[in-house]
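Asker: Residue numbers (this note's numbering): 86 to 256.
The C-beta atom is built at its ideal place from N, Cα and C for all residues, glycine as well.
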């Protein structure tokens, strides 16, 4: 953690170039924070790369190239960034990027890349204000609800470049 000039708490994650971290970032219920990803590559198995708790409010600032890859397929598929009932705002310069996808095309992941897990309703809020975002799923939405989940949340794209896709679901 670090304090910036506004006395807001920030959490910085920085990775050596091409180093993959087998960690998950968990933001507990009701927490308000800013996370800065700078050159981070997260690869997880059967858990979300970032999990945002109910009523939590997270600003995710992108610096450089970042990725979250999920290898899941045990029937309880997890989103790359789970924000089922919280708020996520993604910011970053035009050159900053985030790629959220599922590692193996043969895994048949049912979760959204950014949104809710498989069989979980998406009631949260996703705001994309900057950066280059690529969000790819297989049966869940690229951005939104996982497969078999209700979609009643809000997604607002006001800046950046977004490429959201799903092999068998909505982009």
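On the DSSP bridge list, what partners appear for residue 249?
Answerer: 220
Asker: Would residue 220 pass as a contact of residue 199 if the rule is Cβ separation under 8 Å?
Answerer: yes
Asker: In whole angstroms, what separates the C-alpha of residue 151 from that of residue 217?
Answerer: 10 Å
Asker: Would you mind stating whether residue 116 and residue 153 have Cβ atoms separated by less than 8 Å?
Answerer: no
Asker: For my contact list, residue 121 and residue 148 are in at a C-beta cut-off of 8 Å; report their separation, rounded to the angstrom.
Answerer: 6 Å
Asker: Can you check which of these residues, 251, 108 and 201, is closest to residue 162 by C-alpha distance?
Answerer: 201
Asker: Could you check if residue 139 is buried or exposed, using at least 16 other CB atoms within 10 Å of its CB as the buried criterion?
Answerer: Label assigned to residue 139: exposed.
Asker: Under 8 Å, do residue 238 and residue 208 count as touching if we go by C-beta distance?
Answerer: yes
Asker: Go ahead and label residue 241 buried or exposed: buried means 16 or more other beta carbons lie within 10 angstroms of its beta carbon, across all protein chains shown.
Answerer: By the Cβ neighbour-count rule, residue 241 is exposed, with fewer than 16 other Cβ atoms within 10 Å of its own.
Asker: What does DSSP give as the partner residues of residue 152 in its beta bridges?
Answerer: 126 and 184
Asker: Count the other CB atoms within 10 Å of the CB of residue 235; is the residue buried (16 or more) or exposed (fewer)?
Answerer: exposed
Asker: Of the residues 169, 196, 211 and 146, which one's Cα is nearest the Cα of residue 180?
Answerer: Taking only the C-alpha atoms, the option nearest residue 180 is 146.
Asker: Near residue 254, what residues of its chain come up, given a Cβ to Cβ distance below 7 Å and the 5 sequence neighbours on each side ignored?
Answerer: 222, 224, 225, 226 and 232
Asker: Exposed or buried, which one is residue 91 when buried takes at least 16 other CB atoms within 10 Å?
Answerer: Low confidence applies here, because residue 91 scores a pLDDT of 44, under 50, leaving its location unreliable and the question unanswered by this model.
Asker: Quick one, which of 187, 243, 125 and 256 has its alpha-carbon nearest residue 132's?
Answerer: 187
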